[in-house]
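Engineer:
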Amino acid sequence: MLRRGGLVAFPTETVYGLGADASNPAAVGRIYAVKGRPKNHPVIVHVAEATAIKGWAADVPPDAWALAEAFWPGPLTLILPRADHVPDAVTGGAGTVGLRVPNQLLALELLEAFGGGIAAPSANRFGRVSPTTAAHVRADLGADVDLILDGGACAVGVESTIVDLSWGAPKVLRLGGLSVEALSDVLGHPVLVSAVAGGPPVLGAEAVPAPGTLPSHYAPAARVEVVAAEAVANRATALLGQGRRVGLLAPRPISGLPDGLDALPPAGRPQAYAKCLYQRLREADRRGLDVLLAVPPPATGIGAAVVDRLNRAASA
Ligand code: TXA
Ligand code: MG
3 MLRRGGLVAF PTETVYGLGA DASNPAAVGR IYAVKGRPKN HPVIVHVAEA TAIKGWAADV
63 PPDAWALAEA FWPGPLTLIL PRADHVPDAV TGGAGTVGLR VPNQLLALEL LEAFGGGIAA
123 PSANRFGRVS PTTAAHVRAD LGADVDLILD GGACAVGVES TIVDLSWGAP KVLRLGGLSV
183 EALSDVLGHP VLVSAVAGGP PVLGAEAVPA PGTLPSHYAP AARVEVVAAE AVANRATALL
243 GQGRRVGLLA PRPISGLPDG LDALPPAGRP QAYAKCLYQR LREADRRGLD VLLAVPPPAT
303 GIGAAVVDRL NRAASA
């Protein structure tokens with residue numbers, strides 16, 4: 003299917019991807035058409051192993067090899083200067099290319115069998131919640147995708163952490179499944195976090211343009227409000243008083259809440275919260291909620307990515 007220019011959705015450890023042959027501009031073009039995604043948003047090229055990035059990047063600095071060695075296969079995307087042959091459809095016309103080796107057996111088997119790079123954004127329509135099961139992909143993209151590989155629920159549940167190594171000091175462009183702390187440990191110094199990535203303190207200078215890290219991403223139809231656990235009861239009472247259908251997403255059960263508040267199953271500690279986050283946002287819509295009150299996890303480790311996604315969902 004990939005060799006014929008088709009679209010194949012496949013599981014990764016983060017979210018499901020909508021895959022196409024990365025060396026086939028027409029096939030990659032179909033990704034944009036199906037997602038309804040603006041042309042200047044580059045897509046990540048997935049490869050079977052770290053050495054394969056030499057075929058896609060013009061230059062691989064030592065820091066990139068160090069991170070690849072430490073974290074691949076895994077939820078990390080490296081932005082590197084592009085090789086000449088990389089289609090503009092993949093890079094969005096930029097001088098860089100995003101590369102990743104996913105940590106999911108079916109994905110790795112697919113990549114090995116295919117042999118080339120697979121360009122894949124998350125398998126959702128533009129701006130909507132990313133899919134973490136094959137059923138989510140089917141519900142969102144339907145017949146627009148030629149084939150969906152079902153690998154069960156994604157183990158990590160939020161997208162990969164994106165690190166720009168194309169110039170200057172390594173910089174995090176998107177918080178994700180790999181923590182900023184883990185990156186800093188391997189690099190041997192605090193890693194910069196771009197202002198657009200949100201989350202932890204911004205050590206870097208100006209915001210690097212990182213298309214796709216729009217504030218309004220990852221939103222369900224329900225309005226999301228990020229609230230502290232102590233504030234839930236008052237806010238819920240006010241909203242219920244206005245006749246709204248109000249739900250709650252929180253790490254732990256909260257006592258003393260008003261009748262009529264529709265509490266989703268607790269999201270748990272940060273790793274569990276990340277894994278169930280997108281499923282819970284979908285559940286909010288399935289229950290027909292007008293407003294979802296979301297109590298965030300602590301913003302450290304993978305919790306930083308969860309906080310980031312909740313904030314983006316809330317600003318939609
Ligand atoms: O976990 C993930 O990264 C998933 C799975 C399928 O691998 N993919 C994913 O793709 O989240 P997508 O397209 O939904 O988000 C990729 C992000 C976008 O914000 C895009 O702008 C950014 O990566 N990106 C890709 N290539 C880039 C580049 N050359 N420079 C800057 N940003 C880039
Ligand atoms: Mg996406």
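Numbering of the sequence shown is given in our numbering, commencing with residue 3 and proceeding in unit increments.
Glycine residues also receive a C-beta, built at the ideal position from the N, C-alpha and C atoms.
Is histidine 191 helix, strand or coil by DSSP?
Structural biologist: The answer is coil: DSSP assigns histidine 191 none of H, G, I, E or B.
Engineer: Take the Cβ of histidine 87 as the centre, count every other Cβ of all protein chains shown within 10 Å, and call the residue buried at 16 or more, exposed below.
Structural biologist: So histidine 87 counts as exposed.
Engineer: In chain order, what are the residue ranges of uninterrupted beta strand (DSSP E) at least 3 long that sit wholly in the region 224-295?
Structural biologist: Counting whole runs of 3 or more residues, the region 224-295 contains the beta strand (DSSP E) stretches 225-228 and 248-251.
Engineer: Exposed or buried, valine 188, counting other C-beta atoms within 10 Å across all chains shown (16 or more means buried)?
Structural biologist: So valine 188 ends up on the exposed side.
Engineer: Taking the alpha carbon of valine 139 as the point to measure from, which residue in Lys37, Ile256 and Leu259 has its own alpha carbon closest?
Structural biologist: Nearest of Lys37, Ile256 and Leu259 to valine 139, Cα basis: Lys37.
Engineer: Is it true that the region 42-62 meets the region 95-115, where meeting means three or more beta-carbon pairs spaced less than 8 Å apart?
Structural biologist: Cβ pair count under 8 Å is three or more, so yes.
Engineer: Do the CB positions of threonine 79 and serine 25 come within less than 8 Å of each other?
Structural biologist: Contact: no.
Engineer: From which residue to which residue does the alpha helix (DSSP H) around leucine 113 run?
Structural biologist: Segment 107-116, the alpha helix (DSSP H) holding leucine 113.
Engineer: Where do the ends of the beta strand (DSSP E) carrying histidine 48 lie?
Structural biologist: Here the beta strand (DSSP E) through histidine 48 covers 46-48.
Engineer: Any heavy atom of the ligand TXA closer than 7 Å to the CB of serine 124?
Structural biologist: The answer is yes for serine 124.
Engineer: By DSSP's criteria, valine 10 is part of a beta bridge. Which residues make up the other side?
Structural biologist: DSSP output for valine 10 lists Gly21 and Leu149 as bridge partner(s).
Engineer: Is isoleucine 120 near the ligand TXA, going by C-beta to nearest heavy atom under 7 Å?
Structural biologist: Flag unset: Cβ of isoleucine 120 not near the ligand TXA.
Engineer: What do you reckon, is the C-beta of valine 17 under 7 Å from a heavy atom of the ligand TXA?
Structural biologist: The answer is yes for valine 17.
Engineer: Might you give, ordered along the chain, the residues of its own chain that have their beta carbon closer than 7 Å to the beta carbon of aspartate 148, omitting 5 neighbours on each side?
Structural biologist: Hits under 7 Å: Met3, Gly8, Leu9 and Val10.
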